[in-house]
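**Q** Here it is, the structure, as structure tokens.
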Amino acid sequence: MTLTLIWLIAFALLLFLFLKRWEASVSGILDALLPAVLHSEDDRWIWCPALAVLGATFIVRPVDMLFTVIVLALVALIGTKLAGWVKNKVDMH
């Protein structure tokens, strides 16, 4: 119950801060990091809650988040290497 309460407080605080600072900093950072396909007219109501969930989860369970990032990076690396290997093996005429 305590972890849930801490997570809810962290989520609410981060969501408030992200929404408050959207125009000043968050929007500019996301514009620089994301490709144009992921932009819409009102990204604020999509990205602020998503970032708040990630931030609150990182505050409550940092080791789990770190392991998740490591596993995702390994899967992406293996997928990239496998796709390159398959591309080299396929004979494109």
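Per UniProt numbering, the sequence shown starts with residue 1, numbered consecutively.
No residue lacks a Cβ here, since even glycine has one placed at the ideal position from N, Cα and C.
DSSP three-state label for VAL90, please.
**A** Start at 1 with the first residue of the sequence shown, and residue 90 comes out as number 90. Coil, per DSSP.
**Q** Please confirm whether TRP47 and LEU30 have their CB atoms less than 8 Å apart.
**A** On the sequence shown, residue 47 is found 47 positions in, with the first residue counted as 1. On the sequence shown, residue 30 is found 30 positions in, with the first residue counted as 1. For TRP47 and LEU30, yes; Cβs fall inside 8 Å.
**Q** Could you give the DSSP three-state label for LEU5: helix, strand or coil?
**A** Along the sequence shown, one-based indexing puts residue 5 at 5. The answer is helix: DSSP assigns LEU5 an H, G or I state.
**Q** Which one of ASP42, ILE78, ILE70 has the shortest CA to CA distance from TRP22?
**A** As a first step, residue 22 is located in the sequence shown; it is residue number 22 there, counting from the start. Comparing Cα-Cα distances from TRP22 to each of ASP42, ILE78, ILE70, the minimum goes to ASP42.
**Q** For a test of the three-state rule: what should DSSP assign to ARG44, helix, strand or coil?
**A** The residue given as residue 44 occupies position 44 in the sequence shown. Three-state result, ARG44: helix.
**Q** Threshold first: 4 residues or longer. Then list the alpha helix (DSSP H) segments lying entirely within the stretch 50-88, N to C.
**A** For the stretch 50-88, not a single whole alpha helix (DSSP H) run of length 4 or above is found.
**Q** Starting from SER25, trace the alpha helix (DSSP H) in both directions and tell me its first and last residue.
**A** Walking along the sequence shown from the start, residue 25 turns up at place 25. Per DSSP, SER25 belongs to no alpha helix (DSSP H) and is neither H nor E.
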